[in-house]
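Take the position in the sequence shown, starting the count at 1, then add 787; the result is the number in this note's numbering. We treat Cβ as the ideally placed atom computed from N, Cα and C, and that holds for glycine.
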Amino acid sequence: MTNQELSINKVMWLALGLALASFPHWQRLPIWIPILHVSLLLARIYIPLRLPLFWSNKKSTINIARLIIMIGGVFIIYGNYGTLAGRDVGVALLVMLAAFKVFESKSKRDFYISTYLGYFLIITNFFYSQTIPTAAYMMIVIIIMTAGLINFNDTEQQLTLFQRFKLSSTLLIQSIPILLVLFILFPRINGPLWGLPKDAYTGTTGIDDQMSPGSISKLVQSREVAFRVTFKDEIPKQSSLYWRGPVLWQTDGRKWTTGKSGSGRDPAPIEFAGEALLYDVTIEPTNKRWLFGLEMVSIPPANTYLTHDYQLKTRKALQARKAFTLTSHSSYTLGTENDTDLERGLRLPEANHPKTRELASKLREEFREPALILNAALEWLKQENFVYTLQPPLMVEDMVDEFLFDKQQGFCEHYASAFTILMRAAGIPARVVTGYQGGEINPVGNYLIVRQYDAHAWTEVWLENKGWIRVDPTAIASPTRINEGMENIIPQAIIDIPLGLENNTTAVRLWQRLRNTVDMVNYQWAQWVLGYGPERQKLFMKKFGFDSIDWKQLTFILFVFLGIIISAIAIYVFKKTPKTTAPAKRYYDIFCNKLAKAGIPRRSYEGPVAFAERASKSRQDIKSEIKNITDLYIGIRYYSNNNKLLQLKAAITSFTPKKMTAS
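Shown next, in the form of structure tokens:
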């Protein structure tokens, strides 16, 4: 196909599909890349209309200019990202180079390559978002790009715009059975089929294994979901929903870290009491290894383990949304296997917190018993009228002393840090525990949503005969935070109620129900589509009697179902094919035999159009006859123009090409 045959109409379809496929990426890319992308697409549409000699007389100049711009773009991308490897830079290169490919397209081969690049560009959107709206948008783009392919192959332009979209949608619908079979039966493995680069997780947020001023309070600005929980029985009350995460032992007076002294040790001895609580946790990807369970997890699920201080960790980093079934007990006695932890729980930075040490000394002298000292410290917090605030004042010197004796305003990390140091100064082993507290009940799906703004920190202290017990000093300053949840404290803007509706009770109720419904749909999507891994596949197959199935059996069943579906589609298409196409095929075979005798045999891989193009180039003297017969055959075979069958028969009967002779 020559450049002139790649019409502007076909290029416009290609440019539209490519622009829509890359559109979601524009907000993530440097502004010059979308501008260059659109400019190249428009240039390919504009230039052939205005400069018909563009591809001939100025070919060498344009090629050099295009090469310079392309290489320059690659260097600028390298300057922006500092690398040519990774998810973000890979997408940037693909968006730019795909537009360059369209810009230089001048043949059928170029068109197909550009279209396949567009299909691949669609897939890259799932590197950033795997939500239902993203999937729906990408389906629409697939329909548009497939309609562009149909338009490209509709050489006679006999299909209307509606018919092209109808055919494209039909093809997509026909592929759904195969898609479902592949999704359900394709053998699943633990983890993704390929490893994503490190920058694929730069957007993740959540609890870290260290805590410093502002590290938790900044999470309050995020409504992102941390995890969702479905309980087997009733949802516990808010005040008991402590989701345990990293345990912090070491401090320099401002920053807390986990330390390394306890790594590799078995879990500390623990005794559970009361009934077990069963629940499913579906956690969002964090690229970290800790999993959040209600205090205290008694049975770690598969591929997880408990550390010596009862952090629940996964064997591999959570790089995809994953579901776990957990068992916890709210009543427990957590001990310690040796005195090492008690010594670690008393360490303080030297020469820091003089006022706090002085208060601890007074409490120790007056009350002596650890339990009495603890109660006295909590009572002191009540009497001092501390304020719980999302915007604590700046503390530049000794953070603990300033908080306890000067500012007396802070977020949970201020309370947990200061109280833990106060306990250590009083001779009571203590440590900071981070995680989440509370959660929002979704009444539509009857499950709990724990968001990033539910991030929390509290203290654990060691008391003889009681072990490690939870003490939450934040509850002293803000009981509402613990008993009713964070959503009742944070600003309305963070909760995301539309402007003008926050004072309208009916509107707020309807908005909340709509939001809960949307989240429930997303939760089910996450559970059964994004979270359909090896475990869920095994559970699904058990419903059909396959209690134990391996990948070989799954592969066999997969091919059986694919064979059945493909056979059914073939039978359906055969029955729907008009019977008159069979004579057309016989007549066309006679035509091909005549050309073969004339020295132009049809190759096994050639379609009617490709064969006609090659034959016409070889025999200019019969070019018009070849084109006429081929057009008649295609019209009957693929467009059901059955009224032209007699014309085809007559044209082939009168077609008598002479055999080529060597000159």
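*How would you label Lys797, buried or exposed, when you count the other beta carbons within 10 angstroms and need 16 or more for buried?*
If you draw a 10 Å sphere on the C-beta of Lys797, you find 16 or more other C-beta atoms in it, and that means buried.
*How about Ala1110 and Thr1073: are their beta carbons less than 8 Å apart?*
no
*Give the straight-line distance between the Cα atoms of Glu1400 and Ala879, rounded to the nearest whole angstrom.*
38 Å
*Straight-line CA distance for Phe1398 to Gly1232?*
60 Å
_Bounding residues of the alpha helix (DSSP H) (the contiguous stretch that carries Pro1321)_ = Unbroken alpha helix (DSSP H) run through Pro1321: 1321 to 1329.
_For Trp842 and Leu1432, I'd like the C-alpha separation in whole angstroms._
For Trp842, the pLDDT reaches just 46, beneath the cut-off of 50, and the residue's location in the model is therefore unreliable, although a value from the coordinates is still provided. Straight-line spacing of the CA atoms in Trp842 and Leu1432 works out to 40 Å.
*If you drop the 5 nearest sequence neighbours on each side, which residues of the same chain put their C-beta closer than 6 Å to that of Phe914?*
Arg874
*Can you say whether Ala1063 is buried or exposed, counting buried as having 16 or more other CB atoms within 10 angstroms of its CB?*
exposed
*How many angstroms separate the CA atom of Met998 from the CA atom of Thr1038?*
9 Å
*Let me know if Ala1369 comes out buried or exposed under the rule of 16 or more other beta-carbons within 10 Å of its beta-carbon.*
exposed
*If we ignore side chains and look at the alpha-carbon of each, how far apart do Gly1254 and Phe1348 end up?*
Taking the straight line joining both Cα atoms gives about 58 Å.
*Near Thr1112, what residues of its chain come up, given a Cβ to Cβ distance below 6 Å and the 5 sequence neighbours on each side ignored?*
Asp1067, Pro1088
*Hey, could you find the ends of the beta strand (DSSP E) Thr1123 is sitting in?*
Segment: none, Thr1123 is in no beta strand (DSSP E) and carries neither H nor E.
*At least three beta-carbon pairs within less than 8 Å, the stretch 1119 to 1130 to the stretch 1171 to 1188*: no
*DSSP on Trp1036, reduced to helix/strand/coil?*
Three-state result, Trp1036: coil.
*asked:* Can you tell me whether Met926 is buried or exposed? The criterion is at least 16 other CB atoms within 10 Å of its CB, across all chains shown.
replied: Note on Met926: under 16 other CB atoms within 10 angstroms of its CB, so exposed under the neighbour-count rule.
*Kindly provide the ranges of any alpha helix (DSSP H) runs that are 4 or more residues long and lie completely inside the stretch 1102 to 1184, ordered along the chain.*
DSSP runs (the alpha helix (DSSP H)) wholly in the stretch 1102 to 1184: 1127 to 1131, 1141 to 1154, 1157 to 1170.
*For Gln1340, which option in Leu972, Ala1212, Gln1196 has the closest C-alpha, if you only look at C-alpha atoms?*
It is Leu972.
*Where Ser1403 falls: helix, strand or coil (DSSP)*: helix
_Beta-bridge pairing of Leu1065 - partner residues as DSSP gives them_ = Residue pairing for Leu1065: DSSP places it in a beta bridge opposite Thr1114.
*Whole angstroms is fine: what's the gap from Ala808's alpha carbon to Ser1009's?*
C-alpha separation (whole angstroms): 29 Å.
*Are the Cβ atoms of Val889 and Ile820 separated by less than 8 Å?*
no
*Please state if the CB of Gly1225 and the CB of Gln1025 are separated by a distance shorter than 8 Å.*
yes
*asked:* Spatial neighbours of Pro1023 within its chain, please: C-beta separation below 6 Å, excluding the five flanking residues on both sides.
replied: Around Pro1023, the same chain offers no residue with a beta carbon nearer than 6 Å, after the five sequence neighbours per side are excluded.
*Beta-carbon separation of Leu1121 and Ala1055 under 8 Å?*
yes
*Tell me which same chain residues have a C-beta within less than 8 Å of the C-beta of Ala802, skipping the five on either side of it?*
Leu828, Leu829, Arg831, Ile832, Val889
*Euclidean distance between Cα positions of Ile1344 and Leu936*: About 33 Å.
*Identify whether Tyr1392 lies in helix, strand or coil by the three-state DSSP scheme.*
Three-state result, Tyr1392: coil.
_Spatial distance of Asp1188 from Ile1215 (CA atoms)_ = 19 Å
*Would you tell me roughly how many angstroms separate the C-alpha atoms of His1201 and Ala1104, rounded to the nearest one?*
29 Å
*What are the boundary residues of the alpha helix (DSSP H) that Ala1203 is part of?*
1199 to 1212
*Looking only at DSSP bridge pairs, what is Glu1455 linked to?*
Because the chain spans 788 through 1450 in this model, residue 1455 falls outside it and cannot be assessed.
*asked:* Counting C-beta neighbours from all protein chains within 10 Å, is the total for Gly804 16 or more, i.e. buried, or is it exposed?
replied: Under a 10 Å Cβ-count criterion, Gly804 is classified as buried, with 16 or more other Cβ atoms of the shown protein chains found around its own Cβ.
_What residue range does the alpha helix (DSSP H) around Thr1417 cover?_
It spans 1410 to 1426 - the alpha helix (DSSP H) in which Thr1417 sits, taken as one unbroken run.
*Below 8 Å between beta carbons: does that hold for Leu958 and Thr1221?*
Against a cut-off of 8 Å, the Cβ pair of Thr1221 and Leu958 comes out as no contact.
*Grab the span of the beta strand (DSSP E) containing Ser894 for me, first residue to last.*
Element bounds for Ser894: n/a, residue is neither H nor E.
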